[in-house]
Every structure is written in structure tokens, then in C-alpha cells.
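Below: one structure, written as C-alpha cells.
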Amino acid sequence: MPINKPADAKYKLNTLIKNRWSPRAFENKSVDNEILNSLFEAARWAASCNNSQPWRFIVAKKENPKEYAKALSCFNENNQKWASTAPVIGFVGAYQLMLGDKKSRTYFYDTGMAMSQFTLQALEHNLYIHQAGGVLLDEIKIQYEVPDDVDIICGFALGYQGEADILPEPYNERELQERVRNPIEDFVFTNSFNKDK
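So, in C-alpha cells, the structure goes:
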């Protein structure tokens, strides 16, 4: 049975934001291309500096075993243990330049905006995403011939939520842990940065 972990929010939240979390267990059920494309459409409409749209996605589906094995090999060993349960895995990259080959100061931020919209659109379809920093950046660059002006940011696993008991230890236990966040006071400031108000 899927695990529900709504945010213990102090203030009112959008339902998708409240219910978003990052499971590691995914059901053995494919994701329809039409649904997957709706996630990329959501990313497509994210805000970006000068409309530069720096986000780049690499994606592999389990129904294409050779492509999937290639992508999975670019996750680190620990993350392969749970990412392998997902029907869709991939990587998010960010193109460094804007129009006129000017270096963008916000290309990482803009790509994060696109990934956030991608993530929330997934929840519209009862799909969940777990993003992973533990990927082999150099290997991804080689395997996918990623140009030097694109930075790989992270990997991701996407699918319908599965049961915690399909995961090896310690991931099965971590799947059931309570979600926690720092209080707002820890990251919102007025007169000076990182000091009591």
C-alpha cells in the first residue's frame, strides 16, 4: 500500500506541494509516453532568465533494457540499489549559455525551476520522483556525449509508488521515516543575514 507522507505544514499549502516526497520504492508499472511528455511540457513552461530555457533531460525507460542499463550504470553503486526499481530514470542538465553565447548566472536556478514543475506535474498523475546527487558525472558526460557547456546536475528516478519492502536495507527503513524540515525562521531574514531578528 502506498505510503502517504503529507507535510506537517504550519501554514496552508498547495495539495501537490504538501504531498510531494521522494520515495525510493517504485511499482513495476510502465509510464505512458503521453503522461511522461506532460511532465516535460510542465518543465518547458518554467521561468528562466531571458527565456534562455537551459534545462536538458536525458531519459531511459525500463521497457528499453539497453538504454535503461546504460543510464543505471551512471548512478553510483548505492543509488543503483533503489533506482533500479523505477520504470523511468534519467539525468537533468543545465546549459550554461544564453542567446549570444553569454554565460548565464542563473542557469542552475532556472533548471531547478523546470525540475520543480516537472515534479509537481508528475504528482498530477500519481507519479513520484526521487532526485539523486549520487551519479557519476564524468561517466554521464562520456556515455551521452554531453558537451562541455552543459553541466549535469543530478539523476532522477520516476514511477508509481511501490512498497517499502521491495527495497534492501537500510532503504526500506528510511522509506518509512517521518519527513522533517527546518523552521521558516532558520532561512528567512530581514535586517541581516543568518542572525536573530
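Take -10 as the starting number for the sequence shown in my numbering and just add one per residue. Cβ atoms here follow ideal geometry from the backbone N, Cα and C, with glycine treated the same way.
(message) With a threshold of 6 Å on Cβ separation, who are the neighbours of L109 within its own chain once the five nearest residues in sequence on each side are excluded?
(response) L5
(message) According to DSSP, simplified to helix, strand and coil, what is I131?
(response) helix
(request) Quick one: grab the DSSP three-state call for G89. (result) Coil.
(request) Can you say whether V81 is buried or exposed, counting buried as having 16 or more other CB atoms within 10 angstroms of its CB? (result) Buried, since its Cβ has 16 or more Cβ neighbours within 10 Å.
(message) Pop quiz: F46 and G79 are said to be a contact at Cβ under 8 Å. What is the actual Cβ separation, rounded to whole angstroms?
(response) Under the criterion of beta carbons closer than 8 Å, F46 and G79 qualify as touching, at roughly 6 Å.
(request) Pick helix, strand or coil for W44, following the three-state DSSP scheme. (result) strand
(request) Alpha carbon to alpha carbon, how far is F107 from P12? Give it in angstroms, no decimals. (result) 16 Å
(request) Measure the Cβ-Cβ separation of G144 and V169 and say whether it is below 7 Å. (result) no
(message) Helix, strand or coil for I142? Go by DSSP, reduced to three states.
(response) strand
(message) Measuring straight from C-alpha to C-alpha, what distance separates E158 and N180?
(response) Straight through space, the alpha carbons of N180 and E158 are spaced by roughly 46 Å.
(message) In whole angstroms, give me the CA-to-CA distance for K70 and N17.
(response) 15 Å
(message) Beta-carbon within less than 7 Å of S73's beta-carbon, same chain only, minus the 5 sequence neighbours each way: which residues are those?
(response) L61
(request) Would you check if the distance between the CB atom of G151 and the CB atom of A14 is smaller than 7 Å? (result) yes
(request) Write down the C-beta distance between P76 and K55 rounded to the nearest angstrom, noting that I regard them as a contact closer than 8 Å. (result) Rounded, the Cβ-Cβ distance is 15 Å, inconsistent with contact.
(request) Could you say if the region 19 to 39 and the region 109 to 120 meet the contact criterion of at least three C-beta pairs nearer than 8 Å? (result) With a cut-off of 8 Å, the region 109 to 120 and the region 19 to 39 count as touching, because enough Cβ pairs lie within range.
(request) Would you mind stating whether A32 and A103 have Cβ atoms separated by less than 7 Å? (result) Yes. Within cutoff.
(message) Which complete alpha helix (DSSP H) runs does the region 72 to 118 hold, if anything under 4 residues is left out?
(response) 96 to 113
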